[in-house]
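Structure, as structure tokens:
Numbering (my numbering), first residue to last: 248 to 490.
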């Protein structure tokens with residue numbers, strides 16, 4: 248049975264990924280930072296449906312905590328076949344108002360976290376000569392967004408990491424891809440007014456916003472054998488908002 252470790256899996260896109268991977272027959276390691284109750288509730292839900300699942304806590308911006316998390320998953324489930332780097336934060340702020348702490352917090356979670364988690368699982372993947380890494384990027388990492396400079400920069404870094412690492416790990420039988428969501432209705436949208444949401448829909452060719460499930464299905468596809476010849480790619484799931 249395959250095992251997947253999903254960071255930031257207590258809600259939103261991460262939780263949707265956990266449910267999709269459970270449907271595909273994976274063992275699920277549900278990572279959370281602070282949302283313990285939500286993570287444990289999801290774990291209980293998956294377990295009740297016959298899935299082997301566990302929760303693991305870590306601050307992904309701390310390499311020591313990440314190493315301990317990966318070790319705990321290995322002790323319970325063995326080899327981690329797939330890593331989904333989903334944990335992330337968002338911030339809307341003028342560039343000139345962005346503080347040193349704002350910048351470091353954003354990079355620490357959204358970029359350093361991807362590096363630390365990936366570095367922790369890759370040695371075993373190299374030994375096994377197999378494995379899949381899927382990083383959750385953002386369309387703003389591709390084209391940039393006003394008032395989201397730090398977020399855009401971090402996600403652009405994730406895209407660069409994805410492309411470079413795919414080239415480095417290909418001969419080891421490891422595939423590395425990214426999913427680049429458009430506007431998705433998650434907690435990150437909670438501060439948007441109904442008017443803002445309506446305007447975003449109008450800007451989207453499909454005239455609708457994405458759901459966490461839309462992203463999760465793309466992640467599971469890239470993790471599957473159906474995507475065996477796909478690596479180093481950024482799959483846009485954005486309703487046509489950017490092409």
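Quick reminder that beta carbons are idealized off the backbone N, C-alpha and C, glycines included.
In terms of alpha-carbon separation, which member of the options lies closest to residue i?
i           : options            : result
residue 316 : 304, 326, 325      : 304
residue 408 : 419, 307, 388, 418 : 388
residue 486 : 447, 395, 469, 480 : 447
residue 480 : 413, 346, 310      : 413
residue 354 : 444, 370, 395      : 395
residue 470 : 457, 426, 451, 296 : 426
residue 464 : 445, 428, 451      : 428
DSSP three-state label for residue i, please.
i           : result
residue 482 : strand
residue 300 : strand
residue 501 : Outside the modelled stretch of the chain, which goes from 248 to 490, sits residue 501, for which no answer is possible.
residue 261 : helix
residue 391 : coil
residue 339 : coil
residue 475 : coil
residue 396 : helix
residue 468 : helix
residue 489 : coil
residue 271 : coil
residue 438 : coil
residue 419 : helix
Enumerate in chain order the residues of its own chain whose CB-to-CB distance from residue i is below 6 Å, with the five nearest sequence positions on each side excluded.
i           : result
residue 421 : 372, 378
residue 314 : 367
residue 453 : 486, 487
residue 319 : 303
Is it the case that the Cβ atoms of residue i and residue j are separated by a distance below 9 Å?
i           : j           : result
residue 380 : residue 335 : no
residue 360 : residue 250 : no
residue 298 : residue 279 : no
residue 484 : residue 267 : no
residue 482 : residue 424 : yes
residue 404 : residue 358 : yes
residue 290 : residue 333 : no
residue 491 : residue 397 : Residue 491 is absent from the structure shown; the chain starts at 248 and stops at 490.
residue 352 : residue 308 : yes
residue 310 : residue 285 : no
Per DSSP, which one or two residues make a beta bridge with residue i?
i           : result
residue 188 : As displayed, the chain neither begins before 248 nor continues past 490, which places residue 188 out of reach and without an answer.
residue 424 : 381
residue 253 : 277, 331
residue 457 : 431
Can you list, in chain order, the residues of its chain with a C-beta nearer than 7 Å to that of residue i? Leave out the 5 residues immediately preceding and following it.
i           : result
residue 312 : 305, 306
residue 259 : 433, 434, 459
residue 391 : 399
For residue i, which residues in the same chain have their Cβ closer than 8 Å to its Cβ, ignoring the five residues on either side in sequence?
i           : result
residue 323 : 276, 301
residue 362 : 408
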